[in-house]
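In my numbering, the protein residues as written are 195 to 774.
Each residue gets a CB set at the ideal place from its N, CA and C atoms; glycine is no exception.
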């Protein structure tokens, strides 16, 4: 199939740079048509620019003749453009339908050129089995755009695997009104009919001809090619548009056009995100960041454009959108995809996670904890201040996760950050802070823990006693003060037990003196003091250190009544364990 094929020729003169620029602009304009509707400003700018440059060239040269290879365009025997990505390659799009040559001629109108691009866009959107750019161009019958596709290609595609019998026609007999077939003609027709219906002779079944084997192989190869093209042609439109947008950004050399790209980047990003296509969204971001690295040294304006886009991912509407997507797709999207996406998006991921937790729409907040913990810990190490800003008393669950991440990578500001939550009305948040403080090797942290000794919650008071490092005499003195008789009278048995256990584990003269004074108190008619002494004996038994044994021995020798008996039993148990 051809249209004005006689106009094509291969020259010997060097390829002007103007031709390379024209072909590149042809490809970029086609990509713009794929991404945007015809009325979009980007399409209009590309199409008008290409038309004006092409018109100027045609007025000088008469025509622009392209020879089409599998993945390249050639002018005058030299490659001027190449793209091996068959999913988006314009040369391959033409080549796979048999188009071998394409030419633009002087007199080309804007409408013709726009129809040319619209035709490509329309054919590219069809299913693979229905798409044929050659037929589409033929139907348009462009006056100043010519092309050539060999008829053999069309015939081979239609008749692959079906041999056609040879025939001869005598013109004189043809006009006699009667055609006589020879015996050989009849046999050939009968054989052809039988093969068309799938009926073959036994001899053919046993030994297929070499020609048939070749045709069968070609048909299988063609099916593979068709399947490959079909898969590329049927990429979801939103993913293809995102890919093409990046392609245009890469190819665009008119810096004045860059500002219009940012909004297009946002549109492509949001479209993928709203569709719940986390993998495609992540790929889009990573490709964009890769482009930024390429542009940083050569085209800083493009790198700045990408930076501006990435910075706007923290805008108010994005956290809400991501939160909505997560809640809607909590079962459909794998955790690995979410983690990959949140790592790719960078610091805005912190606000996205905060928004998901803060909405309160999660039936089980812990379902997100694994992902959040990984992201938070990375930022605790990289930029702890950014993480600290997200914590608040209004959202205790989220704040607790943040505190856990920060304490694993302690920063010099972490203590002042934790101190701001010591008086929080949320008991769980206060406990998280206490546990974090207990992990820090800092006198300031211990000093803050002292404040918990008077917390309204008995559970937190007990936790604070256990967190005090009483091996340091400063903190031991505070604990001994807490263990004074006046303070103990106001404590529950559980608190007293914990205080005694903390003291009993500490091998210090002050502790020895404290227990000696306690056991020397008169407890007759004072059940509270008697109970304190019993709890002290139990604490010493559990400690089982040298000082504890000596105190129990003294009490067994000098004690009275039940205390003497209890100390004796405690010593026997300790000695029994020592022997085993």
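Of the listed residues the options, nearest to residue i (C-alpha basis)
i	options	result
residue 730	682, 245, 606 and 772	682
residue 278	696, 266 and 579	266
residue 542	512, 317 and 271	512
residue 154	663, 645 and 664	The structure shown does not extend to residue 154, since the chain is modelled only from 195 to 774, so the question has no answer here.
residue 470	342, 722, 519 and 611	519
residue 636	605, 225 and 317	605
residue 808	496, 552 and 482	In the structure displayed, the chain extends from 195 to 774; residue 808 sits before or after that span and is not available.
residue 537	528, 573 and 553	573
residue 754	728, 688, 676 and 303	728
residue 300	338, 291, 293 and 283	338
residue 598	691, 569 and 620	569
residue 756	773, 737, 439 and 716	716
residue 567	549, 533, 286 and 510	533
residue 213	240, 248 and 638	248
residue 712	684, 677 and 741	677
residue 216	720, 240 and 230	240
residue 499	478, 456, 492 and 506	456
residue 273	230, 320 and 218	218
residue 697	721, 725 and 732	732
residue 305	295, 336 and 332	336
residue 771	752, 703, 743 and 444	743
residue 603	613, 581 and 614	581
residue 739	488, 686 and 699	699
residue 670	684, 687, 701 and 691	701
residue 452	488, 667, 224 and 494	494
residue 563	592, 610 and 710	592
residue 316	505, 331 and 614	331
Buried versus exposed call for residue i [16 or more other C-beta atoms within 10 Å across all chains shown]
i	result
residue 765	buried
residue 356	A caution first: residue 356 carries a pLDDT of 44, below 50, which makes its placement in the model unreliable, though a value can still be read off. Classification for residue 356: exposed.
residue 326	buried
residue 590	buried
residue 237	buried
residue 235	exposed
residue 358	With a pLDDT of 46 at residue 358, under the threshold of 50, the modelled position of that residue is not reliable, and the figure given next carries that caveat. With fewer than 16 other Cβ atoms within 10 Å, it is exposed.
residue 660	exposed
residue 351	Here residue 351 scores only 48 on pLDDT, less than 50, and its place in the model is too uncertain to base an answer on.
residue 517	buried
residue 437	buried
residue 343	buried
residue 233	exposed
residue 624	buried
residue 594	buried
residue 405	Here the model assigns residue 405 a pLDDT of 39, short of 50, so the residue's position is not dependable, and the following value carries that caveat. Exposed, because fewer than 16 other Cβ atoms sit within 10 Å of the Cβ of residue 405.
residue 521	exposed
residue 509	exposed
residue 211	exposed
residue 476	buried
residue 707	exposed
residue 665	exposed
residue 577	exposed
residue 226	buried
Assumed close pair residue i, residue j - CB separation to whole angstroms, cut-off 8 Å
i	j	result
residue 679	residue 693	The pair is not a contact, with the Cβ atoms about 12 Å apart (cut-off 8 Å).
residue 191	residue 432	Outside the displayed span of the chain (195 to 774) sits residue 191, for which this structure offers no information.
residue 524	residue 561	7 Å
residue 435	residue 462	6 Å
residue 446	residue 222	7 Å
residue 565	residue 528	Contact flag wrong, Cβ pair sits at about 11 Å.
residue 735	residue 689	Going by Cβ atoms, the distance from residue 735 to residue 689 rounds to 19 Å, so no, they are not a contact pair.
residue 749	residue 758	7 Å
residue 642	residue 616	6 Å
residue 341	residue 293	6 Å
residue 439	residue 458	6 Å
residue 619	residue 587	7 Å
residue 441	residue 282	7 Å
residue 252	residue 297	So it is not a contact: roughly 10 Å between Cβ atoms.
residue 322	residue 287	Residue 322 to residue 287, Cβ: 11 Å. No contact.
residue 649	residue 658	7 Å
residue 472	residue 535	5 Å
Closer than 8 Å is the cut-off here; do at least three beta carbon pairs connect the segment 309-316 with the segment 256-266? no
Enumerate, from N- to C-terminal direction, the unbroken alpha helix (DSSP H) stretches of 4 or more residues contained entirely within the segment 580-664. 590-602, 608-613, 621-632, 637-645 and 652-661
Which full runs of the alpha helix (DSSP H) of 4+ residues lie inside the segment 467-521, going along the chain? 472-492 and 494-505
Could you tell me which uninterrupted alpha helix (DSSP H) segments, each at least 4 residues in length, are contained entirely in the segment 654-733, listed from first to last along the chain? 667-676, 679-682, 687-698 and 703-713
For the segment 262-309, list the alpha helix (DSSP H) runs that are entirely contained and at least 4 residues long, ordered along the chain. You should have 284-289.
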